[in-house]
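Enquirer: Sequence lines, in order, name chains A and B. Mind the numbering: the first sequence is residues 13 to 180 in this note's numbering, read in order. Mind the numbering: the second sequence is residues 2 to 123 in this note's numbering, read in order. Provided herewith is a single structure, encoded as structure tokens, for subsequent inquiry.
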Amino acid sequence: MSGEFIAFFVLALLTIGGAVFMISFTRVVHMVVALAFTFLGIAGLYVLLEAEFVGVTQVLVYSGAISILMLFGIMLTRHDATEVTERKGPFKYIAFAGIAVFFIVAFLGIQSAHWGDQQADFTKQNNVKEIGIQLFTHYVIPFEAVSVLLLVALVGAIILAKKEAEDE
Amino acid sequence: MATVYMNNYLIVAIFLFLGILLPVGALTLARFLRPSNPTEEKRKTYESGVEPVGSSWVQFNVKYYIFALLFVVFDVETVFLYPWAVAYDSLGLFALVEMVIFIVLLVIGLIYAWKKKVLEWN
Chain A
13 MSGEFIAFFV
23 LALLTIGGAV
33 FMISFTRVVH
43 MVVALAFTFL
53 GIAGLYVLLE
63 AEFVGVTQVL
73 VYSGAISILM
83 LFGIMLTRHD
93 ATEVTERKGP
103 FKYIAFAGIA
113 VFFIVAFLGI
123 QSAHWGDQQA
133 DFTKQNNVKE
143 IGIQLFTHYV
153 IPFEAVSVLL
163 LVALVGAIIL
173 AKKEAEDE
Chain B
2 MATVYMNNYL
12 IVAIFLFLGI
22 LLPVGALTLA
32 RFLRPSNPTE
42 EKRKTYESGV
52 EPVGSSWVQF
62 NVKYYIFALL
72 FVVFDVETVF
82 LYPWAVAYDS
92 LGLFALVEMV
102 IFIVLLVIGL
112 IYAWKKKVLE
122 WN
């Protein structure tokens with residue numbers, strides 16, 4: 013039992029546990045906190061895969077910024093409301109059947125997937141530098157499209173929020 | 002190489018463990034040492050000596066949300082700046098022009114927010 017295995021086990025438990033708690037909690041604020049734990053667990057898994065930059069980005073953007081954004085979004089609404097409606101009857105069985113089918117498809121897909129014979133060695137090269145070179149040579153157009161996307165998101169959110177503020 | 006690399010994370014794990022253990026241990030120890038004598042006044046939420054009014058679960062102003070959103074947008078920008086800065090030596094002028102376009106587009110968003118008086122707090 014190597015340290016990597018233990019770390020993977022703990023992080024996978026954190027990730028799945030956060031997701032399960034997020035679904036089972038009834039208060040939305042608690043759900044966001046559970047989701048933040050899932051984000052942290054995923055960041056740890058990225059680090060285990062030697063993708064430190066992606067891991068740090070995950071912590072910076074998802075665990076930090078997106079969770080806070082979600083909290084503020086919740087604070088704007090009636091966040092003291094708790095979930096009470098529980099669907100019963102055939103819906104439960106249909107959902108269970110859907111999950112079972114998804115599990116079988118995903119399981120068979122992972123089993124039959126071909127991962128390549130040789131493992132890529134990331135330790136000998138600078139990970140972040142490689143990302144930078146790839147991003148600014150092969151993926152320049154998507155990169156510039158991201159800036160337009162961010163601009164549209166910013167302007168759209170300001171327009172929506174301003175409208176909301178005027179209505180009050 | 003790989004084993005040395007992974008062993009570096011052992012130190013991170015030890016620090017993480019200590020960081021969780023110390024406050025939990027200190028608070029648990031204090032729980033056993035301190036006298037327990039709760040009164041109605043002690044249980045109240047304390048903030049700058051002001052009497053608390055109503056519930057803490059109030060509806061926030063929409064401005065907080067816009068500030069958080071601005072933060073996310075510029076956070077993502079910083080994430081893109083980092084690999085650009087690391088790989089700058091081997092990229093040359095073209096990447097600089099690309100990054101200037103990227104930043105200018107986001108500055109347009111900031112100016113728009115400024116003009117719409119989003120940054121003002123009244």
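For each residue, glycine too, the CB sits at the ideal point set by N, CA and C.
What does ALA157 of chain A touch in chain B if you count any residue whose Cβ is under 7 Å from its own?
Expert: Going along chain B, no residue has its Cβ under 7 Å from ALA157 of chain A, so there is no contact; the nearest lies around 10 Å.
Enquirer: Might you give, ordered along the chain, the residues of its own chain that have their beta carbon closer than 6 Å to the beta carbon of TYR151 of chain A, omitting 5 neighbours on each side?
Expert: Excluding sequence neighbours, TYR151 of chain A sits near nothing in its chain.
Enquirer: Since ILE104 of chain B and GLU156 of chain A are thought to touch, with beta carbons under 8 Å apart, how far apart are those beta carbons, to the nearest angstrom?
Expert: Their Cβ separation, rounded to whole angstroms, is 11 Å, which puts ILE104 of chain B and GLU156 of chain A out of contact at 8 Å.
Enquirer: Between LEU57 of chain A and chain B, is the shortest Cβ-Cβ distance under 8 Å, so that the two count as touching?
Expert: Not an interface residue.
Enquirer: Under 8 Å, CB to CB, which of the residues in the stretch 144 to 178 of chain A have a partner in chain B?
Expert: The residues in question are GLY144, ILE145, LEU147, PHE148, THR149, VAL152, PHE155, GLU156, VAL158, SER159, VAL160, LEU162, LEU163, ALA165, LEU166, VAL167, ALA169, ILE170, ALA173, LYS174, GLU176 and ALA177.
Enquirer: Would you say GLU99 of chain B faces chain A, with C-beta separation under 8 Å as the test?
Expert: Yes, GLU99 of chain B counts as interfacial toward chain A.
Enquirer: Please classify SER37 of chain B: is it buried, with 16 or more other beta-carbons within 10 angstroms of its beta-carbon, or exposed?
Expert: The residue is exposed, with fewer than 16 neighbouring Cβ atoms inside 10 Å.
Enquirer: At 9 Å on the CB atoms, spell out the chain B contacts of GLY101 of chain A, in chain order.
Expert: What GLY101 of chain A touches in chain B: nothing, since even the nearest Cβ is about 33 Å away.
Enquirer: Let me know the secondary structure DSSP gives ARG44 of chain B once reduced to three states.
Expert: ARG44 of chain B falls in the helix class under three-state DSSP.
Enquirer: Going by Cα to Cα distance, which pick from A:SER124, A:LEU81, A:PHE115 and A:GLN130 is closest to ALA48 of chain A?
Expert: Checked all of A:SER124, A:LEU81, A:PHE115 and A:GLN130; the closest Cα to ALA48 of chain A is A:LEU81.
Enquirer: Can you find the residues in the same chain that come closer than 7 Å, C-beta to C-beta, to VAL119 of chain B, ignoring five residues on each side of it along the sequence?
Expert: Correct list, in chain order: ILE67.
Enquirer: Reducing DSSP to helix, strand and coil, say where VAL98 of chain B ends up.
Expert: In this structure, VAL98 of chain B counts as helix in the three-state DSSP scheme.
Enquirer: Report the residue from A:GLN137, A:ASN139 and A:VAL160 whose alpha carbon sits nearest the alpha carbon of VAL108 of chain B.
Expert: It is A:VAL160 whose Cα lies nearest to the Cα of VAL108 of chain B.
Enquirer: Which two residues bound the contiguous alpha helix (DSSP H) that contains GLY55 of chain B?
Expert: It is not in any alpha helix (DSSP H) - GLY55 of chain B carries neither H nor E in the DSSP assignment.
Enquirer: Identify the continuous alpha helix (DSSP H) that holds VAL117 of chain A and give its terminal residues.
Expert: Here the alpha helix (DSSP H) through VAL117 of chain A covers 102 to 124.
Enquirer: In chain B, which residues lie less than 8 Å from PHE49 of chain A when you measure between Cβ atoms?
Expert: The contacting residues do not exist; PHE49 of chain A stays about 13 Å from chain B at best.
Enquirer: My output table needs one value for MET2 of chain B: the three-state DSSP class, helix, strand or coil.
Expert: Since pLDDT at MET2 of chain B reaches only 44, below the 50 mark, its modelled position is unreliable, and no value is offered.
Enquirer: When the Cα of ALA77 of chain A is compared with those of A:GLU64, A:VAL45, A:GLY56 and A:THR89, which residue comes out closest?
Expert: Among A:GLU64, A:VAL45, A:GLY56 and A:THR89, the Cα nearest to that of ALA77 of chain A belongs to A:VAL45.
Enquirer: What is the DSSP secondary structure of ARG35 of chain B, counted as helix, strand or coil?
Expert: Correct three-state label for ARG35 of chain B: coil.
Enquirer: With a threshold of 16 other CB atoms inside 10 Å of the CB of PHE95 of chain B, please say whether the residue is buried or exposed.
Expert: Classification for PHE95 of chain B: exposed.
Enquirer: Under three-state DSSP, which class holds VAL119 of chain B?
Expert: The answer is coil: DSSP assigns VAL119 of chain B none of H, G, I, E or B.
Enquirer: Would you verify that the beta carbon of PRO39 of chain B is, or is not, closer than 8 Å to some beta carbon of chain A?
Expert: No, PRO39 of chain B does not count as interfacial toward chain A.
Enquirer: My understanding is that LEU52 of chain A touches VAL71 of chain A, with C-beta atoms under 8 Å, so please give their C-beta distance in whole angstroms.
Expert: The pair is a contact, with the Cβ atoms about 7 Å apart (cut-off 8 Å).
Enquirer: Give me the subset of the stretch 101 to 112 of chain B whose CB atoms are less than 9 Å from a CB atom of chain A, sorted by chain position.
Expert: Taking 9 Å as the Cβ-Cβ cut-off against chain A, the residues of the stretch 101 to 112 of chain B that qualify are ILE102, PHE103, ILE104, VAL105, LEU106, LEU107, ILE109, GLY110 and LEU111.
Enquirer: For the stretch 76 to 87 of chain B, enumerate the residues whose C-beta is nearer than 9 Å to any C-beta of chain A, in chain order.
Expert: So the close ones are ASP76, VAL77, GLU78, THR79, VAL80, PHE81, TYR83, PRO84, TRP85, ALA86 and VAL87.
Enquirer: Given that PHE65 of chain A touches chain B, what residues does it touch there, using C-beta distances under 8 Å?
Expert: The answer, in chain order, is TYR83 and PRO84.
Enquirer: Can you tell me the Cβ-Cβ gap for LYS117 of chain B and ILE170 of chain A, rounded? I've got them flagged as a contact below 8 Å.
Expert: That pair is a contact at about 6 Å.
Enquirer: How about the stretch 33 to 47 of chain B and the stretch 56 to 72 of chain A: do they share at least three Cβ pairs that are nearer than 8 Å?
Expert: Contact fails: fewer than three Cβ-Cβ distances are below 8 Å.
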